[in-house]
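Chain order of the listed sequences is A and B.
If you read the first sequence in our numbering, its first letter stands for residue 1, the second for the next number, and so on.
If you read the second sequence in our numbering, its first letter stands for residue 1001, the second for the next number, and so on.
We treat Cβ as the ideally placed atom computed from N, Cα and C, and that holds for glycine.
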Amino acid sequence: MANAPTTPGIAPARLDPQTLAAHFADLEPPFGPHEAVVAADRCYFCYDAPCVTACPTEIDIPLFIRQIQAGQPEAAARTILDQNILGGMCARVCPTETLCEEACVREFAEGKPVEIGRLQRHATDALMARGIHPYVRAAPTGRRIAVVGAGPAGLACAHRLAMRGHDVVLMDARPRIGGLNEYGIAAYKTPDDFAQAEIDWLMKIGGIETRTGVRLGETVTLEDLRAQHDAVFLGIGLAGVNGLGVPGEDLEGVRDAIDFIAELRQAEDLARLPVGRHVVVIGGGMTAVDAAVQSKLLGAEVVTMVYRRGRARMSASQHEIDHAATAGVRIITDAQPVAVHGNGAAQEVEFAYTHDGEAGLELTGETFRLRADQVFKAIGQKLAGVPEGLTRAHGKIAVAGAGRTELEGVWAGGDCTAGGDDLTVTAVAEGRDAAEDIHAALTARAAA
Amino acid sequence: MADLTSNFLGIPSPNPFWLASAPPTDKQYNVERAFRAGWGGVVWKTLGFDPHIVNVNGPRYGAVWGADRQLLGMNNIELITDRPLEVNLREIKAVKRDWPDRAMVVSLMVPCDEESWAAILPMVEETGADGVELNFGCPHGMSERGMGSAVGQVPEYIEMVTRWCKKHTRMPVIVKLTPNVADIRNAARAAHKGGADAVSLINTVNSITSVDLDTMAPEPAIDGKGTHGGYCGPAVKPIALNMVAEIARDPETAGLPISGIGGVTTWRDAAEFLALGAGNTQVCTAAMNYGFGIIKELTAGLSLWMDEKGYRSVDEVVGRAVPNVTDWQHLNLNYVTKARIDQEACIKCGRCYAACEDTSHQAISMSEDRVFEVIDAECVACNLCVNVCPVENCITMERLAAGSVDQRTGQTVSDRYLNWTMHPNNPMDKAAE
């Protein structure tokens, strides 16, 4: 007998399979060919276009949109992928409303930007659907480079290095390649196993050997990697999760949101994935939104997202917050958890209202409780397992220029490094640029 | 309320919108639908002698589309009516009998000899039709057989055939002109000399709309081959407006009534034709694109605009703009303007900058924070920035007041009218001597 949204506790199959399938289908369906041409026609082909400046990977957006308009989405894809090899995923997950589309002159003029993200997806999908991998490797250099962490930064770095003729060993601690693309993004943003399809496509470049289950500092050390390779790139992300630091945090039903999101992404059958009747998500970022929305989509009756500061300070974009609200997530701001109550398992979370005081965030003294069978913590991630010898800045690996660390022959990029937003697109840019820097360094060394 | 009734050549119609000779006017069924919708008249699709012609059995129309498949231009390789003459005549008679208040003009195309014209004209007269239009325009198919534009491209033939027709009928004779000539005035003058009551123009323009790059065949393609067709629709309107104006201001054809044709799509297009001297307008492509229902917009729009401007009748509009059409040499060279960018309206796309910097006079500056400003010392007022700007009225051309200095030339702007014939640089300038 299937369950219902009102079934008490944490239970699977709160919704029937058809409803679940519909809930986790494409959030925004792809353009048809005619729609794409019409959408592309809205682009003004701006001079020194603001959208390009706003893109961390500096894709020539007006050019690729013109190529769609001219009936060649595959050529458009090439323009995109030249700058961003994960242009397909970025088209799906980029917060375009705070990047290219925010900068679009039509956003300024009409509040209705050119739909750059969807157009990018149209182009990259067209190329991938034809199974074309448009890049070939340069002549072999005989160099061998270790890329640690197979998320967006590592993938971008590995691809660019392979293209330059180097041999790459791409390693990751998880059983599958992809990092946050595979484990960290809401399922409805990347249905049909797009992350793996994109990786398979990316790997067609050749010259990239993948090793999973490799943990830096456990199964392999940085020193070994340095000794065995001509260069090392670290794209290890943020493996640590911040705790609430309140009584009851260890009760059953309290867990990290990223684990829930990863589990959901890896689930073969969503109907078997349990979710609480009353779900409370603590945090105000994209992870919190993804956990909250997906809880609701799985059939939780009441989902509440609670953020300790005001709405304007939430790191989730307005678009994401609106999406959560539309999905039926209740959003409470200016309240922070003070305790999780329950007898073995969580039953309630107690919050205290906050306000900005002279000494920072202060409690007003007023508290309230929310029913909670399940509590997701999404209050940020932190660097973990950093090898000795690497300098830290702002809690992350310090780098100079295109990802150079303090250690000779070691580069780093993506979320594990300081600088740039923790976005997929930023990680891609950093991985790509580090690869070019590694290539330049190795070439210079060879010439010397 | 403005009076839209028209009395072109003494042929009354409730409004100045006729359907041009084309597929929409091929038979009784279509024409009655048009009259029910409110069209003022029709020029019945061109009749010829039996045995009637045949059309291709593949595509007859090619097209040029905008991004959202707006039909910007269309061409066709359809010939004149492919129905027996007797059938057409019978239907024309029936329609005219049932719709006496609508204009019924019959388009004709027969071989270039007097007997042919003398034979067909009485048959048309017998239907009670209001007039005939001589099809000297069709550029495809029939022209290969010595008819259509093959006649329209030779002024002597135009004059000759027109004269025959005037001799053999009491009906008004309209001569439809082809735009596929070097100077449209020669054709109009010939029609005028032959005694034409009016000219109508333009017929369609020789064209290939596109090439299928897989089959390497021009469109519309018939079994892998294509031929030039007649281009029509919004794309040809500027060509038609110019030709209408050229005839309207030609002293040799002064007063010759003109029926304006070519890309009329909205009431505004029609008003422009009227202003340039057309006594009425004929419409085809817009109706083919949207159906007969557009007549309600055409009549309501023209009426509203006339009311707003205080024009009481169509005739008050006709030719209003003709005195302002002149030769280049008479344009005032002391009219000095500069582009002005409304910074409030500017959306910072930079298209004006790219256009001016790359392809014009380097007269727009761009700052770090994307503020675009006109450099008066370089601006020749070409208007390209206005044309490429996506925001209407963001960039305008403002006249420099007399007495101010044009930064580009260093000269003080004069309020004296100065044209090329008076200019010292003109080697033919007699006034300067």
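Take D1068 of chain B as the anchor and find which of A:D433, A:P33, A:L63 has the nearest alpha-carbon.
Within the second sequence, the letter at position 68 stands for residue 1068 of chain B. Scanning A:D433, A:P33, A:L63 for the CA closest to the CA of D1068 of chain B turns up A:P33.
For L63 of chain A and E434 of chain A, the rounded distance between their alpha carbons:
For the purposes of this step, residue 434 of chain A is taken as residue 434 along the first sequence, with counting starting at 1. For the purposes of this step, residue 63 of chain A is taken as residue 63 along the first sequence, with counting starting at 1. The residue asked about is misnamed: residue 434 of chain A is Ala in this sequence, not Glu. Approximately 25 Å between the Cα atoms of the pair.
Which same chain residues end up closer than 8 Å to H439 of chain A when comparing Cβ atoms and leaving out the 5 residues on each side of it in sequence?
Looking up residue 439 of chain A in the first sequence gives position 439. Counting only Cβ-Cβ distances below 8 Å, and skipping sequence neighbours, we find R160, L161, R164, H166.
Which of the three DSSP states, helix, strand or coil, is assigned to I1080 of chain B?
Counting from 1 along the second sequence, the entry for residue 1080 of chain B is found at position 80. The three-state secondary structure of I1080 of chain B, taken from DSSP, is coil.
Determine the extent of the alpha helix (DSSP H) in which R1408 of chain B is found, giving its start and end residues.
For the purposes of this step, residue 1408 of chain B is taken as the residue at position 408 of the second sequence. Note, R1408 of chain B: premise wrong, no alpha helix (DSSP H); not H, not E.
Measuring CA to CA, which of A:A187, A:V375, A:E350, A:A231 is closest to A25 of chain A?
In the first sequence, the residue the question calls residue 25 of chain A occupies position 25. For A25 of chain A, the closest alpha carbon among the candidates A:A187, A:V375, A:E350, A:A231 is that of A:A187.
At the 8 Å Cβ level, is R1351 of chain B part of the contact set with chain A, yes or no?
Position 351 of the second sequence holds residue 1351 of chain B. For R1351 of chain B, the nearest CB of chain A lies under 8 Å from its own CB, placing it at the interface with that chain.
Should A257 of chain A be labelled buried (16 or more other beta-carbon atoms within 10 Å of its own) or exposed?
The residue given as residue 257 of chain A occupies position 257 in the first sequence. So A257 of chain A counts as buried.
Close-in-space but distant-in-sequence residues of the same chain around A1020 of chain B (CB under 7 Å, 5 per side omitted)
Locating residue 1020 of chain B in the second sequence gives position 20, where the first residue counts as 1. Correct list, in chain order: V1043, I1261, Q1282, V1283, C1284.
Does any residue of chain A bring its CB to less than 8 Å from the CB of E1344 of chain B?
For the purposes of this step, residue 1344 of chain B is taken as the residue at position 344 of the second sequence. Judged by the 8 Å Cβ criterion, E1344 of chain B is not in contact with chain A.
Residues bridged to W1328 of chain B [DSSP beta-bridge criterion]
Taking the second sequence and counting its residues from 1, one reaches residue 1328 of chain B at position 328. Paired residues: none, contrary to the question.
When the Cβ atoms of the stretch 1231 to 1244 of chain B are set against those of the stretch 1194 to 1204 of chain B, are three or more pairs found closer than 8 Å?
Three or more beta-carbon pairs drawn from the stretch 1231 to 1244 of chain B and the stretch 1194 to 1204 of chain B are found closer than 8 Å, and the two stretches are therefore classed as touching.
According to DSSP, simplified to helix, strand and coil, what is S1107 of chain B?
On the second sequence, position 107 is the one that residue 1107 of chain B refers to. The three-state secondary structure of S1107 of chain B, taken from DSSP, is strand.
C-alpha distance - R1370 of chain B paired with K1348 of chain B, whole-angstrom precision
As a first step, residue 1370 of chain B must be located in the second sequence, where it is residue number 370. As a first step, residue 1348 of chain B must be located in the second sequence, where it is residue number 348. Rounded to the nearest angstrom, the two C-alpha atoms are 6 Å apart.
Where does Q1153 of chain B land, buried or exposed, given buried means 16+ other C-beta within 10 angstroms?
As a working mapping, residue 1153 of chain B is identified with position 153 in the second sequence. With 16 or more Cβ atoms within 10 Å of its Cβ, Q1153 of chain B is classed as buried.
What does a CB cutoff of less than 6 Å around A2 of chain A pick up in its chain, not counting 5 residues either side in sequence?
Taking the first sequence and counting its residues from 1, the one referred to as residue 2 of chain A is at position 2. Beyond the five residues adjoining it in sequence on each side, A2 of chain A comes within less than 6 Å, by CB distance, of A13 in the same chain, given in chain order.
Residue(s) in a DSSP beta bridge with L216 of chain A:
Indexing the first sequence from 1 puts residue 216 of chain A at position 216. Answer is A:V220, bridged to L216 of chain A.
Using beta-carbon positions only, say whether V1317 of chain B and A1275 of chain B come within less than 8 Å of one another.
Your numbering for residue 1317 of chain B matches position 317 in the second sequence. Your numbering for residue 1275 of chain B matches position 275 in the second sequence. Yes, these two residues count as a Cβ contact at 8 Å.
Nearest to V1161 of chain B (by Cα), restricted to the options B:D1250, B:A1190, B:D1183
Numbered from 1 along the second sequence, position 161 holds the residue referred to as residue 1161 of chain B. Ranking B:D1250, B:A1190, B:D1183 by Cα distance to V1161 of chain B puts B:A1190 first.
Just to confirm the assignment, what range does the beta strand (DSSP E) spanning Q347 of chain A have?
Looking up residue 347 of chain A in the first sequence gives position 347. In this chain, the beta strand (DSSP E) harbouring Q347 of chain A covers 345 to 357.
Please confirm whether F233 of chain A and A412 of chain A have their CB atoms less than 8 Å apart.
Walking along the first sequence from the start, residue 233 of chain A turns up at place 233. Walking along the first sequence from the start, residue 412 of chain A turns up at place 412. Going by C-beta atoms, F233 of chain A is nearer than 8 Å to A412 of chain A.
Given N1387 of chain B as reference, the closest of B:F1372, B:V1413, B:A1339 once Cα atoms are compared
The residue given as residue 1387 of chain B occupies position 387 in the second sequence. When the alpha-carbon of N1387 of chain B is set against those of B:F1372, B:V1413, B:A1339, the nearest one is in B:A1339.
Pull the bridge partners of P1218 of chain B from the DSSP assignment, please.
For the purposes of this step, residue 1218 of chain B is identified with residue 218 of the second sequence, where counting begins at 1. Partner(s): B:V1211.
Considering only residues of the same chain and omitting the five flanking positions on each side of E1246 of chain B, which have a CB-CB separation below 6 Å?
Along the second sequence, one-based indexing puts residue 1246 of chain B at 246. Closer than 6 Å at the Cβ level, and outside the excluded window around E1246 of chain B, lie I1184, R1185.
Since I believe G213 of chain A is in contact with V168 of chain A (beta carbons under 8 Å), could you give me their beta-carbon distance rounded to a whole number of angstroms?
To locate residue 168 of chain A, count along the first sequence from 1; it is residue 168. To locate residue 213 of chain A, count along the first sequence from 1; it is residue 213. Contact flag wrong, Cβ pair sits at about 18 Å.
I want to verify the contact list: residues of chain A whose CB lies under 8 Å from the CB of A1067 of chain B, in sequence order.
Against the second sequence, residue 1067 of chain B aligns to sequence position 67. The contact set of A1067 of chain B on chain A, defined by CB atoms closer than 8 Å, consists of V37, V38, A40, D41, Q69 in chain order.
Run through DSSP, which three-state label would V37 of chain A get?
If you number the first sequence from 1, residue 37 of chain A lands on position 37. Of the three classes helix, strand and coil, the one that applies to V37 of chain A here is helix, per DSSP.
Please compile the residues from chain B whose C-beta is within a distance smaller than 7 Å of the C-beta of V105 of chain A.
Numbered from its first residue, the first sequence carries residue 105 of chain A at position 105. Those are I1347, K1348, C1349, listed as they occur along chain B.
At the 8 Å Cβ level, is I1390 of chain B part of the contact set with chain A, yes or no?
The residue given as residue 1390 of chain B occupies position 390 in the second sequence. A small fix is needed here, since residue 1390 of chain B is Pro in this sequence, not Ile. For P1390 of chain B, the answer is yes, since a Cβ of chain A falls inside 8 Å of its Cβ.
So, with DSSP's three-state summary, where would you put G1310 of chain B?
Working through the second sequence from its first residue, we reach residue 1310 of chain B at position 310. Assigned with DSSP and collapsed to three states, G1310 of chain B falls in coil, not helix or strand.
Can you tell me where the alpha helix (DSSP H) holding C1356 of chain B begins and where it ends?
Residue 1356 of chain B sits at position 356 when you count from the first residue of the second sequence. Where C1356 of chain B is concerned, the enclosing alpha helix (DSSP H) stretches over 1351 to 1359.
Taking all protein chains shown into account, decide if G360 of chain A is buried (16 or more other Cβ within 10 angstroms of its Cβ) or exposed.
Locating residue 360 of chain A in the first sequence gives position 360, counting from the first residue. In this structure G360 of chain A is exposed. Its beta-carbon is surrounded by fewer than 16 other beta-carbon atoms within 10 angstroms.
Min CB distance Y183 of chain A to chain B below 8 Å
Locating residue 183 of chain A in the first sequence gives position 183, counting from the first residue. No, Y183 of chain A lies away from the interface with chain B (no Cβ there is under 8 Å from its Cβ).
I want to verify the contact list: residues of chain B whose CB lies under 7 Å from the CB of D48 of chain A, in sequence order.
Working through the first sequence from its first residue, we reach residue 48 of chain A at position 48. For a Cβ distance threshold of 7 Å, residue set G1350 of chain B lies close to D48 of chain A, ordered along the chain.
Would you kindly work out how many angstroms separate the C-alpha atoms of P337 of chain A and G299 of chain A, rounded to a whole number?
As a working note, residue 337 of chain A is residue 337 in the first sequence. As a working note, residue 299 of chain A is residue 299 in the first sequence. The alpha-carbon atoms of P337 of chain A and G299 of chain A are separated by roughly 24 Å.
Helix, strand or coil: how does DSSP classify E97 of chain A here?
Residue 97 of chain A sits at position 97 when you count from the first residue of the first sequence. In this structure, E97 of chain A counts as helix in the three-state DSSP scheme.
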